[in-house]
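Asks: Sharing a structure here in structure tokens format.
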Amino acid sequence: MSENSQSKASLYIVATPIGNLADMTGRAIEILKSVDLIAAEDTRHSGRLLQHFGIGTRMMSYHDFSEDYRVDSLLEKLSSGLSVALISDAGTPLISDPGYRLVVRARAAGITVVPVPGVCALTTALSVAGLPSDRFAFEGFVSSKRAARVKQFEEWLPEARTMIFYESPHRILECVEDMLTVFGPDRHVVLCRELTKTFETIHGDNLGDLLPWMQNDSNQQRGEFVVLIKGAEAPKSEEVDAEALRVLAILLEDLSVKQAASLAARITGVKKNLLYQRALQGVMAS
Ligand code: SAM
1252 MSENSQSKAS LYIVATPIGN LADMTGRAIE ILKSVDLIAA EDTRHSGRLL
1302 QHFGIGTRMM SYHDFSEDYR VDSLLEKLSS GLSVALISDA GTPLISDPGY
1352 RLVVRARAAG ITVVPVPGVC ALTTALSVAG LPSDRFAFEG FVSSKRAARV
1402 KQFEEWLPEA RTMIFYESPH RILECVEDML TVFGPDRHVV LCRELTKTFE
1452 TIHGDNLGDL LPWMQNDSNQ QRGEFVVLIK GAEAPKSEEV DAEALRVLAI
1502 LLEDLSVKQA ASLAARITGV KKNLLYQRAL QGVMAS
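Everything in the sequence shown is counted per our numbering, starting at 1252 for the first residue and increasing by one.
Quick look at the structure:
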């Protein structure tokens, strides 16, 4: 291991590019060169990446559905002092990619798990979509079955945070159709296609216009996609009808704000806190 690395054997979770090889970090190259073993989702696919960067480290394949003995064998290697790096086909391992089982088992065994961060399609898309990014909900891949996908979208309908998911080119058109059905033509959606690659396209529009735009240009249905849906608008503050305001105004002539709001609520059925707010504002007519 190099001098920057820890002496005790560690499991390194290493991010790799999602298209543009120039996005590989110097630290990722250094770690991948110096570890004893690289666990990769697809050794043939990752072989090309390693070759590009002159990394000759031995590889073995790893999936979350790998047999237990394979996870056991990796843990034994780590426990015996060998250092291991985990990479996936692209981006950050564990983000809709293998690694979860290995990390859980390694941490439970007291092995140090070291992040070597880099590209992730999710954060790359969010950084350019122009949608609220202070809070967001990442949903991984949506269901490949239409009925289940529609149900998922229906559940997200009131979600106020930006919603983000991954989608394959085979289903992207159907998926936009389903979003239009559930969220309606006015909901804003951003499609991030082929990020960091030659045909990178970041296109945001209301669903009513987004669907024909995709249908009219089959190129826009090709490649890898991150889909971002703008969160639901907060419901407009409830209106207080004129009759409730009239009652409130009369009661305020003789009662405190609190008493008047409480009594007006009982008489009119309007929520007490709404009437209280209106009384405080002194706004007696809509
Ligand atoms: N672990 C990866 C990451 O950090 O983003 C994600 C792996 S997931 C199996 C693959 C999905 O990520 C693709 O189907 C696509 O939805 C999205 N994705 C990966 N690379 C992308 C790119 N260059 N542009 C747009 N989406 C991409």
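The beta carbon of each residue, even a glycine, is placed where N, CA and C say it ideally should be.
Counting along the chain, where does the beta strand (DSSP E) carrying ASP1456 start and finish?
Replies: 1452-1457
Asks: Helix, strand or coil for MET1310 per DSSP?
Replies: When DSSP states are grouped into helix, strand and coil, MET1310 belongs to the strand group.
Asks: Span of the alpha helix (DSSP H) holding ARG1278?
Replies: ARG1278: member of the alpha helix (DSSP H) spanning 1277-1285, first to last residue.
Asks: Any idea which residues DSSP pairs LEU1479 with across the strands?
Replies: ILE1415 and VAL1441
Asks: With a threshold of 16 other CB atoms inside 10 Å of the CB of ARG1444, please say whether the residue is buried or exposed.
Replies: buried
Asks: Rounded to the nearest angstrom, how far is the Cβ of ILE1415 from that of LEU1442, given a contact under 8 Å?
Replies: Contact flag wrong, Cβ pair sits at about 11 Å.
Asks: Using 10 angstroms around the beta-carbon of TYR1263, count the other beta-carbons present and answer buried if the total reaches 16, otherwise exposed.
Replies: buried
Asks: In angstroms with no decimal places, state the Cα-to-Cα distance between GLN1466 and ASN1457.
Replies: 15 Å
Asks: Assuming ALA1291 is part of the beta strand (DSSP E), what are its boundary residues?
Replies: 1288-1291
Asks: Compute every distance between the C-beta of GLY1277 and the non-hydrogen atoms of the ligand SAM, then say whether any falls below 7 Å.
Replies: no
Asks: Can you tell me whether GLU1406 sits near the ligand SAM, meaning its C-beta is under 7 Å from at least one heavy atom of the ligand?
Replies: Short note on GLU1406: C-beta not closer than 7 Å to any heavy atom of the ligand SAM.
Asks: Using 7 Å as the cut-off, classify the Cβ of ILE1346 as near or not near the heavy atoms of the ligand SAM, replying yes or no.
Replies: yes
Asks: Under 8 Å between the Cβ atoms of GLN1472 and PRO1420?
Replies: yes
Asks: Mind checking whether the beta-carbon of LEU1446 lies closer than 7 Å to any heavy atom of the ligand SAM?
Replies: yes
Asks: DSSP on SER1261, reduced to helix/strand/coil?
Replies: strand
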